[in-house]
Amino acid sequence: MSTGFAPARVRSPRAATAPRERATETFTAPAGSAGGLTRLRRRVRWPLGIYTTPVAILVLWQVTSELGWLPEKIAPAPTAIIQAGIDLWKIGELGTDLTTSLRRVGIGLAIGLTIGITTGIIAGLLRSGEYLFNGVVQIVHTIPLLAVLPLMIVWFGIDELTKVLLISFGAGVPMYLNLFAAIRGVDQRLIEMARAAGVGRARLISRVLLPGALPGFLVGLRFSLAYSVLGLVAAETVNANAGIGYLINRAQTYLRTDQVFLGLVIYAVIGLLADQFVRILERVLLQWRPSYEAQ
Amino acid sequence: MSTATTTSVDVRDVRRQFGDRVVLDDLSLTIGESEFVVLLGPSGCGKSTLLRLLGGLDRPDAGTVTVPKERAIVFQNDRLLPWQRVLRNVTIGLYEAGADERALAVLDEVGLKDHARAWPKTLSGGEAQRVSLARALVTEPDLVLLDEPFAALDAITRLRMHDLVRELRRKHNAAMLLVTHDVDEAIALADRILVMSDGRIGSAYDVRLDQDERAISAAREDLRAALLGDLGLAAVH
Ligand SMILES: Nc1ncnc2c1ncn2[C@@H]1O[C@H](COP(=O)(O)OP(=O)(O)OP(=O)(O)O)[C@@H](O)[C@H]1O
Ligand SMILES: [Mg+2]
Numbered sequence: 016m017s018t019g020f021a022p023a024r025v026r027s028p029r030a031a032t033a034p035r036e037r038a039t040e041t042f043t044a045p046a047g048s049a050g051g052l053t054r055l056r057r058r059v060r061w062p063l064g065i066y067t068t069p070v071a072i073l074v075l076w077q078v079t080s081e082l083g084w085l086p087e088k089i090a091p092a093p094t095a096i097i098q099a100g101i102d103l104w105k106i107g108e109l110g111t112d113l114t115t116s117l118r119r120v121g122i123g124l125a126i127g128l129t130i131g132i133t134t135g136i137i138a139g140l141l142r143s144g145e146y147l148f149n150g151v152v153q154i155v156h157t158i159p160l161l162a163v164l165p166l167m168i169v170w171f172g173i174d175e176l177t178k179v180l181l182i183s184f185g186a187g188v189p190m191y192l193n194l195f196a197a198i199r200g201v202d203q204r205l206i207e208m209a210r211a212a213g214v215g216r217a218r219l220i221s222r223v224l225l226p227g228a229l230p231g232f233l234v235g236l237r238f239s240l241a242y243s244v245l246g247l248v249a250a251e252t253v254n255a256n257a258g259i260g261y262l263i264n265r266a267q268t269y270l271r272t273d274q275v276f277l278g279l280v281i282y283a284v285i286g287l288l289a290d291q292f293v294r295i296l297e298r299v300l301l302q303w304r305p306s307y308e309a310q
Numbered sequence: 016m017s018t019a020t021t022t023s024v025d026v027r028d029v030r031r032q033f034g035d036r037v038v039l040d041d042l043s044l045t046i047g048e049s050e051f052v053v054l055l056g057p058s059g060c061g062k063s064t065l066l067r068l069l070g071g072l073d074r075p076d077a078g079t080v081t082v083p084k085e086r087a088i089v090f091q092n093d094r095l096l097p098w099q100r101v102l103r104n105v106t107i108g109l110y111e112a113g114a115d116e117r118a119l120a121v122l123d124e125v126g127l128k129d130h131a132r133a134w135p136k137t138l139s140g141g142e143a144q145r146v147s148l149a150r151a152l153v154t155e156p157d158l159v160l161l162d163e164p165f166a167a168l169d170a171i172t173r174l175r176m177h178d179l180v181r182e183l184r185r186k187h188n189a190a191m192l193l194v195t196h197d198v199d200e201a202i203a204l205a206d207r208i209l210v211m212s213d214g215r216i217g218s219a220y221d222v223r224l225d226q227d228e229r230a231i232s233a234a235r236e237d238l239r240a241a242l243l244g245d246l247g248l249a250a251v252h
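In the order they appear, the protein sequences are chains A and B. Note that the working numbering has the first sequence beginning at 16, numbered continuously upward. Note that the working numbering has the second sequence beginning at 16, numbered continuously upward.
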């Protein structure tokens, strides 16, 4: 509150007399359209895109290993890990373990996604579907994936069934949740527009609700893939006589750090590939979406 | 139920309120077949609310609304499906064979034939609005409800759209109810101009002028002054 007695303060006598300098901004054609040079510069600065940092770390790792700063028992050099992979491949073990694991993920994903997508769509479209599934999934969702494992072993034994079901569980729940939310989140005004245009139920679903839920579906898919790999790791760590998890367990027993790392690398590559797969899907399926592209 | 051949829209004693706020209060309105009615009124007076009732998107709290079964709405903002290309946005309400050809013909009429395969995100505001106009026209409805459809257009495009709307009416004899804030637009198009106030139709003017008189005439200026007066703008212009 002003008192009314204080004299008005002049901030700066010079600012009052000197003409104010105005800051300007100049815009020119952006880098992308400027042609090869700027793009080349970006290529040079980030030669491998998002993989620049991981590759840099790998190189650093290799160098420190060769200088003997990193004990082999702790972390063998990247080349040693690759060598371990080649050796295991030659005696046929890596191939078997890999196909076993991939088959488990494949079957588990197929079951989990089928159930997650079907129930997600039903619950998204129908109020009765929501009441039927939502409560159960919400409760189940709060139980950590790994905590379900003991129960599954009791129920389904320690064989393939438990592993596949654990993976489907990991894949199905996030798919359901995201798909349900995405369908319910479709812009109400667009649904109203469709109704006003005389659109029937089937077309409302096929042209408005499902395409509108696509971004959420892809988010769900990304989580599903990530959790299915998590489920795979969990399932294979507990009990297995084949698979990447088995490979890691066995290597641990014989203190073969290089083979342990190899298993981890394979898990990472599976996860990365899954992520890339969703990225490509997004680029193809969501081209209609106006979205932010970073510099 | 409506068997009358002369009235297209019949609104009787309609009330619509949101909570305690009564937006439409005992409003009555009839629109004849192929009549062009323009609705004026200050922002927030309930024009869109009335249009939603006529479009069947909302129900009155009291009174009755009778409208033709075949009707189309052009919304205040374009409401295009972002995930469908322009052509598919226009054909959304069409089920008969040859939908694409008809949609292309209407897109041609609104000057957007070349954009048929474009995504809505690439359209300008006026282009998007024209697509939603095309979407409404393509079903050849008996009643077209337009909620400020030309607000985002430049003067020349706007005049072209006026021609287009007039021509459509000649061709199809649809009844039209257009909401606008533009008094000149109202005079250019309307058979009848309604001004809303206090939740009902405050005043109504039959416009019996030919095309030239609508552009320049003493009667036109009188009408304009009267409308501005009704809108509380008499002293401003
Ligand atoms: N769903 C709703 N819930 C609550 N209030 C509403 C709702 N829809 C409209 N209103 C209120 O009703 C009044 C009339 O709204 P309406 O959209 O019909 O105005 P309008 O005449 O179309 O205005 P404008 O010219 O700005 O578009 C406004 O005060 C608005 O706040
Ligand atoms: Mg409005």
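C-beta: ideal position from N, C-alpha, C; glycine also. Small disclaimer: the values here were computed from a predicted structure and weren't measured.
Measuring straight from C-alpha to C-alpha, what distance separates residue i and residue j?
{"i": "residue 296(A)", "j": "residue 234(A)", "result": "11 angstroms"}
{"i": "residue 179(B)", "j": "residue 213(A)", "result": "23 angstroms"}
{"i": "residue 93(A)", "j": "residue 146(A)", "result": "52 angstroms"}
{"i": "residue 6(A)", "j": "residue 199(A)", "result": "Beyond the ends of chain A as shown, which are 16 and 310, falls residue 6(A); an answer cannot be given."}
{"i": "residue 237(A)", "j": "residue 202(A)", "result": "23 angstroms"}
{"i": "residue 91(A)", "j": "residue 241(A)", "result": "27 angstroms"}
{"i": "residue 10(A)", "j": "residue 120(A)", "result": "With chain A covering only 16 through 310, there is no way to say anything about residue 10(A)."}
{"i": "residue 32(B)", "j": "residue 59(B)", "result": "13 angstroms"}
{"i": "residue 184(B)", "j": "residue 125(B)", "result": "15 angstroms"}
{"i": "residue 67(B)", "j": "residue 127(B)", "result": "27 angstroms"}
{"i": "residue 302(A)", "j": "residue 147(B)", "result": "21 angstroms"}
{"i": "residue 110(B)", "j": "residue 96(B)", "result": "18 angstroms"}
{"i": "residue 222(B)", "j": "residue 204(B)", "result": "9 angstroms"}
{"i": "residue 114(A)", "j": "residue 107(A)", "result": "11 angstroms"}
{"i": "residue 52(B)", "j": "residue 156(B)", "result": "16 angstroms"}
{"i": "residue 18(B)", "j": "residue 39(B)", "result": "Per-residue confidence for residue 18(B) stands at a pLDDT of 45, beneath the threshold of 50, marking its modelled position as unreliable; no derived number is given."}
{"i": "residue 63(B)", "j": "residue 162(B)", "result": "7 angstroms"}
{"i": "residue 93(B)", "j": "residue 145(B)", "result": "8 angstroms"}
{"i": "residue 239(A)", "j": "residue 283(A)", "result": "15 angstroms"}
{"i": "residue 10(A)", "j": "residue 276(A)", "result": "Limits of chain A in this structure are 16 at one end and 310 at the other, which puts residue 10(A) out of reach."}
{"i": "residue 164(B)", "j": "residue 191(A)", "result": "40 angstroms"}
{"i": "residue 21(B)", "j": "residue 174(B)", "result": "29 angstroms"}
{"i": "residue 309(A)", "j": "residue 70(A)", "result": "Residue confidence for residue 309(A) is low, a pLDDT of 49 falling below 50, so the modelled location carries little weight; the figure read from the coordinates is stated next. Cα to Cα, residue 309(A) sits roughly 22 angstroms from residue 70(A)."}
{"i": "residue 240(B)", "j": "residue 193(A)", "result": "57 angstroms"}
{"i": "residue 83(A)", "j": "residue 262(A)", "result": "27 angstroms"}
{"i": "residue 87(A)", "j": "residue 270(A)", "result": "11 angstroms"}
{"i": "residue 244(A)", "j": "residue 227(A)", "result": "28 angstroms"}
{"i": "residue 143(B)", "j": "residue 112(B)", "result": "25 angstroms"}
{"i": "residue 85(A)", "j": "residue 305(A)", "result": "48 angstroms"}
{"i": "residue 153(A)", "j": "residue 139(A)", "result": "14 angstroms"}
{"i": "residue 294(A)", "j": "residue 102(A)", "result": "33 angstroms"}
{"i": "residue 28(B)", "j": "residue 248(B)", "result": "28 angstroms"}
{"i": "residue 187(B)", "j": "residue 23(B)", "result": "14 angstroms"}
{"i": "residue 47(B)", "j": "residue 220(B)", "result": "15 angstroms"}
{"i": "residue 17(A)", "j": "residue 36(B)", "result": "Residue placement at residue 17(A) is poorly supported in this model, since its pLDDT is 43, which falls under 50; the coordinates still yield a value, given next. Cα to Cα, the separation comes out at about 41 angstroms."}
{"i": "residue 106(B)", "j": "residue 141(A)", "result": "26 angstroms"}
Looking at the strands, I want to know which residues DSSP matches up with residue i.
{"i": "residue 192(B)", "result": "52(B) and 160(B)"}
{"i": "residue 22(B)", "result": "47(B)"}
{"i": "residue 87(B)", "result": "159(B)"}
field: Minimum length 4: unbroken alpha helix (DSSP H) runs contained in the region 27-81 of chain B
entry: Listed in chain order, the complete alpha helix (DSSP H) runs (minimum 4 residues) inside the region 27-81 of chain B are 62-69.
message: Across the region 100-116 of chain B and the region 190-200 of chain B, are there enough close Cβ pairs to call them in contact, namely three or more that are closer than 8 angstroms?
response: In short, these stretches do not touch, since the Cβ pair count stays below three.
- request: Please list, in chain order, all residues with a C-beta atom less than 7 angstroms from at least one heavy atom of ligand 2.
  value: Working through the chain, the matches are 62(B), 63(B), 91(B), 162(B), 163(B) and 194(B).
Beta strand (DSSP E) runs contained entirely in the region 204-245 of chain B, provided each spans 3 or more residues: Whole beta strand (DSSP E) segments, 3+ residues: 207-212 and 215-221.
- request: Taking 8 angstroms as the threshold, find out whether the region 88-99 of chain B comes into contact with the region 110-127 of chain B through three or more Cβ pairs.
  value: No: fewer than three Cβ pairs fall under 8 angstroms.
task: Give, in chain order, every unbroken run of the beta strand (DSSP E) that is at least 3 residues long and sits entirely within the region 165-195 of chain A.
output: If you keep only unbroken beta strand (DSSP E) runs of at least 3 residues inside the region 165-195 of chain A, you get nothing at all.
task: Evaluate contact between the region 148-168 of chain B and the region 205-214 of chain B, counting only Cβ atoms and requiring at least three cross-stretch pairs below 8 angstroms.
output: Verdict: no, contact absent.
field: Whole alpha helix (DSSP H) elements within the region 75-115 of chain A, 4-residue minimum
entry: The region 75-115 of chain A contains these whole alpha helix (DSSP H) runs: 93-105.
- prompt: Okay, do the region 214-233 of chain A and the region 151-158 of chain A touch, 3+ Cβ pairs below 8 angstroms being the bar?
  reply: Touching, no, given that fewer than three Cβ pairs across the two stretches are closer than 8 angstroms.
task: Counting only runs of 3+ residues fully inside the region 85-126 of chain B, write out the beta strand (DSSP E) ranges in chain order.
output: Correct list: 86-89.
- request: For the region 127-136 of chain A and the region 185-192 of chain A, state whether three or more C-beta atom pairs, one from each stretch, are separated by less than 8 angstroms.
  value: Yes: the two stretches touch, three or more of their Cβ pairs being nearer than 8 angstroms.
message: As an exercise, report each continuous alpha helix (DSSP H) stretch of at least 4 residues that is fully enclosed by the region 223-264 of chain A, in chain order.
response: Within the region 223-264 of chain A, the complete alpha helix (DSSP H) segments of 4 residues or longer fall at 229-253, listed in chain order.
Entirely enclosed alpha helix (DSSP H) segments - the region 264-300 of chain A, minimum 4 residues: Counting only runs of 4 or more, we get 272-300.
- prompt: Can you list, in chain order, the stretches of the alpha helix (DSSP H) that have 4 or more residues and sit fully within the region 127-153 of chain A?
  reply: If only uninterrupted alpha helix (DSSP H) runs of at least 4 residues are considered, none is enclosed by the region 127-153 of chain A.
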